[in-house]
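Asks: One structure, as structure tokens, below. Some questions next.
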Amino acid sequence: MEIRSMRPFGVEVIGCDLDDATGDDVRRIYDAMESDNGCGVVCLRDQDLTPEALERGLGRFAKHFGALIRYDRWPGQSRGVRGCQHLALLGNYRARRDGEIVEGCRKGEQIGEFKPAFNVVEEWHTDGSFLAAPKSAIALYAPAWLDDALPPVGAATRFASCARGYDALEESERAELGALASVHSWESFMHLLERRDPKRQKITPADAAKKPDVCWPLVRRHPDTGRLSLYLNPKNTRRVCRLPRSGWPARSGRTVEEGDAMVRRLAERVIETGVYAHAWKKGDLVLWDNRQLLHAASPFDADKYQRLLF
């Protein structure tokens, strides 16, 4: 197994079959991705994995990121992967035959969740920050056994390091942000997706009530590395507030619009520290530490090309 540095950050792994990886292999991969250069991103190349093998392989990282999370389908999301309760599908790929990957699908049916991407700061986000227990890591896999499911132009997945973003701040800014938090809203996120795609299934007030807003500090410390980083989400922030001494956080003195603008400016500064844009190849498995990164999809011509990632 060979581990190489990528630029401007991240690492790639060559010569490791994740389905056969040992505990020592997984530890080496984790240590490399959490290094100063890794910044929480790793790409394992040439992975030829069935959905079941992908699920097993990702489970090997449970010691570092926690147990796999069961796929909880929201309005507008894809159906799950047959036989794999922890996997979902992203993209505009249409089934080539009845029952392909998804139980009960029909030939020609779109089987992934497709969210049109835009080159705006609001495209950048951290997954699940609106949950009571946000996701610690995320993985995407481009199946080696599937042809014509990766656009040749566009469709990169971009990453920016919130730890590097924090390091670039002035001391006075760090002190100010260390006393602030932001409110993350599942409802706001879903309404943004609905505005972008009018055909998307709409959420109901009952849906929103099941996922109330949550509040997280704007600065957090990584539990393993001890590194401080920003924690923000331009895609679903409802407002900025002061960190509470107890109970729900207090107002920060900023309007909703001012708090939203602050989060967008901070995200822009994170992006300015450098972006790793992953150009997908068949067999790529990208795993990232969701606690310290922003990521964003890149647009592609969805009328001309189809894309599918697990």
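So for the sequence shown, this note's numbering puts the first residue at 563; every next one is plus one. Glycine is no exception: its CB is placed at the ideal position from the N, C-alpha and C atoms.
1. Between TRP748 and LYS764, which are expected to be in contact by the criterion C-beta below 8 Å, what is the C-beta distance as a whole number of angstroms?
2. Give the DSSP-derived three-state secondary structure of PRO760 in the structure shown.
3. Going by Cα to Cα distance, which pick from PHE692, ARG720, VAL781, ALA694 is closest to ASP729?
4. Can you have a look at GLN609 and say buried or exposed, based on whether 16 or more other CB atoms are within 10 angstroms of its CB?
5. By Cβ distance, which residues of its chain are closer than 7 Å to SER567, with the 5 residues on each side in sequence left out?
6. With 16 as the cutoff for other CB atoms within 10 Å, does ASN852 come out buried or exposed?
7. Quick one: grab the DSSP three-state call for ALA717.
8. Give the DSSP-derived three-state secondary structure of ARG782 in the structure shown.
9. Suppose contacts are defined by Cβ-Cβ distances below 8 Å. Is PRO861 in contact with PHE680 by that definition?
10. Can you give the beta carbon distance from PRO678 to ALA829, rounded, assuming they're within the 8 Å contact cut?
11. Which whole-angstrom value describes the C-beta separation of VAL832 and LEU856, a residue pair presumed to lie in contact below a C-beta threshold of 8 Å?
12. Would you say the beta carbon of ASN798 is closer than 7 Å to some non-hydrogen atom of the ligand COA?
13. With respect to the alpha helix (DSSP H) encompassing SER747, which residues constitute its N-terminal and C-terminal limits?
Replies: In terms of the structure at hand:
1. TRP748 to LYS764, Cβ: 14 Å. No contact.
2. coil
3. VAL781
4. buried
5. VAL573, ASN599
6. buried
7. coil
8. strand
9. yes
10. Contact flag wrong, Cβ pair sits at about 19 Å.
11. 6 Å
12. The ligand COA is absent from the structure shown, which contains no ligands of any kind.
13. No alpha helix (DSSP H) holds SER747; DSSP gives it neither H nor E.
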